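Quick notes on the structure that follows.
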Amino acid sequence: MSSVIDSCIFRDIFGSSAMREIWSDKGRTGYYLEWEAALAKVQAKLGIIPTEACQVIVKQCEQVDNIDFDKLRQQTELIGYPVLGVVQQLVSLCPDGLGEWCHFGATTQDVTDSATVLAIRASLNVIDKELDAIMAAVAKLAETHRLLPMVARSNLQQAVPISFGFKMARLLATLQRHKQRLIQLRERVLTLEFSGAAGTLATLDQDVALTCQEELAKELGLNQPEIAWHTERDRIAEVGTFLGILTGTLSKAATDVKLMMQTEVGEVSEPYVPHRGSSSTMPNKFNPISCVYIHAIAGTVRQQAAALMDAMVEDHERSTGPWEIEWIVLPEAFILTGGALSQAKTLFEGLQVHPERMAKNLSMTKGLVVSEAVMMGLAPELGRQTAHDIVYDACRAAVTKDHMLADILKENPQVSKVLSDEKIDYLCDPANYLGLSGTMVDRVLTNYKESLH
Numbered sequence: 001m002s003s004v005i006d007s008c009i010f011r012d013i014f015g016s017s018a019m020r021e022i023w024s025d026k027g028r029t030g031y032y033l034e035w036e037a038a039l040a041k042v043q044a045k046l047g048i049i050p051t052e053a054c055q056v057i058v059k060q061c062e063q064v065d066n067i068d069f070d071k072l073r074q075q076t077e078l079i080g081y082p083v084l085g086v087v088q089q090l091v092s093l094c095p096d097g098l099g100e101w102c103h104f105g106a107t108t109q110d111v112t113d114s115a116t117v118l119a120i121r122a123s124l125n126v127i128d129k130e131l132d133a134i135m136a137a138v139a140k141l142a143e144t145h146r147l148l149p150m151v152a153r154s155n156l157q158q159a160v161p162i163s164f165g166f167k168m169a170r171l172l173a174t175l176q177r178h179k180q181r182l183i184q185l186r187e188r189v190l191t192l193e194f195s196g197a198a199g200t201l202a203t204l205d206q207d208v209a210l211t212c213q214e215e216l217a218k219e220l221g222l223n224q225p226e227i228a229w230h231t232e233r234d235r236i237a238e239v240g241t242f243l244g245i246l247t248g249t250l251s252k253a254a255t256d257v258k259l260m261m262q263t264e265v266g267e268v269s270e271p272y273v274p275h276r277g278s279s280s281t282m283p284n285k286f287n288p289i290s291c292v293y294i295h296a297i298a299g300t301v302r303q304q305a306a307a308l309m310d311a312m313v314e315d316h317e318r319s320t321g322p323w324e325i326e327w328i329v330l331p332e333a334f335i336l337t338g339g340a341l342s343q344a345k346t347l348f349e350g351l352q353v354h355p356e357r358m359a360k361n362l363s364m365t366k367g368l369v370v371s372e373a374v375m376m377g378l379a380p381e382l383g384r385q386t387a388h389d390i391v392y393d394a395c396r397a398a399v400t401k402d403h404m405l406a407d408i409l410k411e412n413p414q415v416s417k418v419l420s421d422e423k424i425d426y427l428c429d430p431a432n433y434l435g436l437s438g439t440m441v442d443r444v445l446t447n448y449k450e451s452l453h
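Residue numbers (our numbering): 1 to 453.
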């Protein structure tokens, strides 16, 4: 296979088996058959087609293996679209000419778009389940390390102390927003398409056409459209955008883990499995494998989201080309997103946290990481600007003399006049300058736990 999502070597690194099954030829054709069976049932109930025709059509739609895929490939290459080939095979499979009632009043894009929506629904269910597992792992990390001090970094430089739990809670809060987006997405996207050639349902008796559309939507568990959306592709583009921002979130988290895994930092590690992440020439290496793949996937999915936006620019009532962009991009985007979620689940369920390295990194600047805490402690006594200048000079002295900031401050008469040695030591302890880290972690965890009920 030439694609990583189908490669026997790479497919379970970049993708997931659940997503591949949904978007496979059999999966897609299965949704075509599900749609045709649902249409037959509804139309028989409404008296549009004979009940006998419905029974044989539904029977032939029950097994996707009834479709000859080699023949379907040839038909698709000839016709340009797979749906008509599926319909032709269904017609030939039904006895006594009853298959002629198959696909009654429908057009190719009705089936294709509705099948895409059914695949999207199944894929969103997979995402939902994977998100739940990731969120549970991240919530556990946030709760366990609620007040574990570590360095916050600004422009890759040490800034002030935060807790590792706070860092994980920020990720958890973002994932909770993605869960909310999933709910909103379903409301708009899970919508039937059944409108006929130009979207007007002119093929059916006008007294029963909208009822047929409504009942078909119910049969498939989809929303009834207010009007045809053959060339209004905002729903599909929104799905692509969601996949882009979801994988973007995972990539941001993976980037933080990669940076924290650096030898010089060493604050966390990916789950240890013998030989995972090893080098062919450097036995000492422990590379961030899951993080690397998440990063690569997210960059690719963002480009696919952009392609789906390009596919929105469709001409008139049925398009000439932009629609087919979705056929190429949407399956890959979902399969890759499944891969990113799988890697993220592995990453956070087994993430190794190293508190001793976090403590070492907090102390490596000899107290400069808490300079803001000292400044704010002095400000009420000396004024903010004066306090800033004193602490600024003390920081430079600590660096020059290679002394602890607390010792420099204790030697400064302006400081010792207003702060006791005990107070200076308190202000210079990173664990005492976590702000509302714990409170904010608790808020996020409370929201998360409430959402589980």
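Built from N, CA and C at the ideal position, the CB exists for glycine as well. Since the model is a prediction, treat every value here as computed from it, not as a measurement.
DSSP bridge partner residues for residue i (one or two, in chain order)
{"i": "T191", "result": "N223"}
{"i": "P161", "result": "V151"}
Alpha-carbon to alpha-carbon, residue j and residue i
{"i": "P95", "j": "R188", "result": "40 Å"}
{"i": "L156", "j": "L308", "result": "34 Å"}
{"i": "L243", "j": "G339", "result": "12 Å"}
{"i": "T400", "j": "V138", "result": "41 Å"}
{"i": "E193", "j": "V151", "result": "52 Å"}
{"i": "H354", "j": "G266", "result": "7 Å"}
{"i": "L419", "j": "L124", "result": "58 Å"}
{"i": "D205", "j": "Y31", "result": "26 Å"}
{"i": "P82", "j": "C102", "result": "15 Å"}
{"i": "Y433", "j": "L347", "result": "29 Å"}
{"i": "V91", "j": "L39", "result": "15 Å"}
{"i": "E164", "j": "T174", "result": "Residue 164 is actually Phe in this sequence, not Glu. If you take the alpha carbons of F164 and T174, they lie about 16 Å apart."}
{"i": "I245", "j": "A197", "result": "35 Å"}
{"i": "R233", "j": "L185", "result": "14 Å"}
{"i": "S319", "j": "W229", "result": "12 Å"}
{"i": "V208", "j": "R302", "result": "43 Å"}
{"i": "I162", "j": "T108", "result": "56 Å"}
{"i": "S269", "j": "A122", "result": "33 Å"}
{"i": "E465", "j": "R443", "result": "There is simply no residue 465 to check, as the chain begins at 1 and stops at 453 in what is shown."}
{"i": "L330", "j": "H145", "result": "38 Å"}
{"i": "L46", "j": "C212", "result": "7 Å"}
{"i": "N412", "j": "D421", "result": "11 Å"}
{"i": "L72", "j": "D25", "result": "10 Å"}
{"i": "E100", "j": "A254", "result": "54 Å"}
{"i": "N223", "j": "T191", "result": "4 Å"}
{"i": "A431", "j": "R384", "result": "23 Å"}
7 Å Cβ cutoff met for residue i and residue j
{"i": "V467", "j": "L98", "result": "Past the edges of the chain, shown from 1 to 453, lies residue 467, and the structure says nothing about it."}
{"i": "I289", "j": "R20", "result": "no"}
{"i": "Q352", "j": "Y293", "result": "no"}
{"i": "A169", "j": "V369", "result": "no"}
{"i": "Q158", "j": "T300", "result": "no"}
{"i": "A311", "j": "P322", "result": "yes"}
{"i": "L216", "j": "V42", "result": "yes"}
{"i": "W35", "j": "S114", "result": "yes"}
{"i": "C291", "j": "K252", "result": "no"}
{"i": "G367", "j": "L427", "result": "no"}
{"i": "A296", "j": "T247", "result": "no"}
{"i": "E317", "j": "I236", "result": "no"}
Assigned secondary structure, residue i (DSSP; H/G/I helix, E/B strand, else coil)
{"i": "M375", "result": "helix"}
{"i": "A152", "result": "strand"}
{"i": "V353", "result": "strand"}
{"i": "V4", "result": "coil"}
{"i": "S420", "result": "coil"}
{"i": "S269", "result": "strand"}
{"i": "N412", "result": "coil"}
{"i": "W229", "result": "coil"}
{"i": "T200", "result": "coil"}
{"i": "P274", "result": "coil"}
{"i": "V313", "result": "coil"}
{"i": "C54", "result": "helix"}
{"i": "Q60", "result": "helix"}
{"i": "E264", "result": "coil"}
{"i": "T320", "result": "coil"}
{"i": "H295", "result": "helix"}
{"i": "C94", "result": "coil"}
{"i": "T346", "result": "helix"}
{"i": "C395", "result": "helix"}
Whole-Å CB distance - residue i paired with residue j, under 8 Å assumed
{"i": "E264", "j": "I5", "result": "So it is not a contact: roughly 35 Å between Cβ atoms."}
{"i": "A119", "j": "G221", "result": "Wrong, their Cβ atoms sit about 14 Å apart, outside the cutoff."}
{"i": "Q88", "j": "Q75", "result": "7 Å"}
{"i": "F104", "j": "I49", "result": "6 Å"}
{"i": "I134", "j": "L341", "result": "7 Å"}
{"i": "S195", "j": "D110", "result": "6 Å"}
{"i": "L33", "j": "C61", "result": "4 Å"}
{"i": "Y448", "j": "L172", "result": "6 Å"}
{"i": "I390", "j": "K410", "result": "That belief does not hold up - the Cβ atoms of I390 and K410 are roughly 13 Å apart, past 8 Å."}
7 Å Cβ cutoff, residue i in contact with chain D
{"i": "D256", "result": "No chain D appears in this structure, which consists of one protein chain only."}
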